[in-house]
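One structure is given below, encoded as structure tokens.
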Amino acid sequence: MQIALFDLPETPPEHAVIARFHLGGDDLSEPDQWSLVFAAERSAGAAVRAAGVGEVDGNEFGGGEVVIFAHGPEAKALYRVMEPHLRALPFRPAHVVLRYGEPADDVASERIEL
């Protein structure tokens, strides 16, 4: 819905932080790798909630990789809170994409190597 006076959306578009880590191994990798990812995801999620900058929204394992998703009103603020938790994971190569808007939009993004 648009605000008629200014023709602006009522809510700002949601930004995202999308972190991708190469785990190696088979398609779903190993349980010991999962536990490290889950611990980092929990600690990042707690920090993000405490800072009030968004939410860590889950993960996706497959193809020897894991992707961790987070959403909030400002990607850079969200990443600043998540960064130490993401960098603590030992899996490389790894990178983060900061998406500045909804996925359906043709939005700007920034890639950061970890």
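Under this note's numbering, the first residue of the sequence shown is numbered 304, with each subsequent residue one higher. Glycine included, C-beta positions come from ideal geometry on N, C-alpha and C. Just so it is clear, the structure is predicted and the values come from calculations on it, not from any experiment.
Bridge partners for Leu-401 per DSSP, in chain order?
Within the sequence shown, the letter at position 98 stands for residue 401. According to DSSP, Leu-401 bridges with Val-320 and Glu-413.
is_contact[Ala-373, chain C] using C-beta, thresh 9 Å
No chain C is part of this structure, which consists of one protein chain only.
Helix or strand or just coil, what does DSSP make of Arg-373?
Position 70 of the sequence shown, counted from the start, is the residue given in the question as residue 373. Residue 373 is actually Ala in this sequence, not Arg. In this structure, Ala-373 counts as strand in the three-state DSSP scheme.
In terms of alpha-carbon separation, which member of Ile-415, Ala-411, Glu-416 and Ala-354 lies closest to Pro-316?
Taking the first residue of the sequence shown as 1, we reach residue 316 at position 13. Here the closest residue by C-alpha is Ala-411.
Count the other C-beta atoms from every protein chain shown that fall within 10 angstroms of the C-beta of Glu-344, then say buried if there are 16 or more, exposed otherwise.
Taking the sequence shown and counting its residues from 1, one reaches residue 344 at position 41. With 16 or more Cβ atoms within 10 Å of its Cβ, Glu-344 is classed as buried.
Same chain, Cβ closer than 7 Å to Arg-323, neighbours up to 5 away in sequence not counted
Mapped onto the sequence shown, residue 323 falls at position 20. Here the set comprises Glu-368, Val-370, Ala-397 and His-398.
Here's the rule: buried if 16 or more other CB atoms are within 10 angstroms of the residue's CB, otherwise exposed. What is Arg-383?
Stepping through the sequence shown from its first residue, residue 383 is reached at position 80. Answer is exposed; the Cβ neighbour count stays below 16.
Note down, in chain order, each residue of its chain lying with its Cβ closer than 6 Å to the Cβ of His-388, except the 5 sequence neighbours on either side.
Position 85 of the sequence shown, counted from the first residue, corresponds to residue 388. For His-388, where only same-chain residues beyond five positions count, the Cβ hits under 6 Å are Ala-343, Ser-346 and Ala-347.
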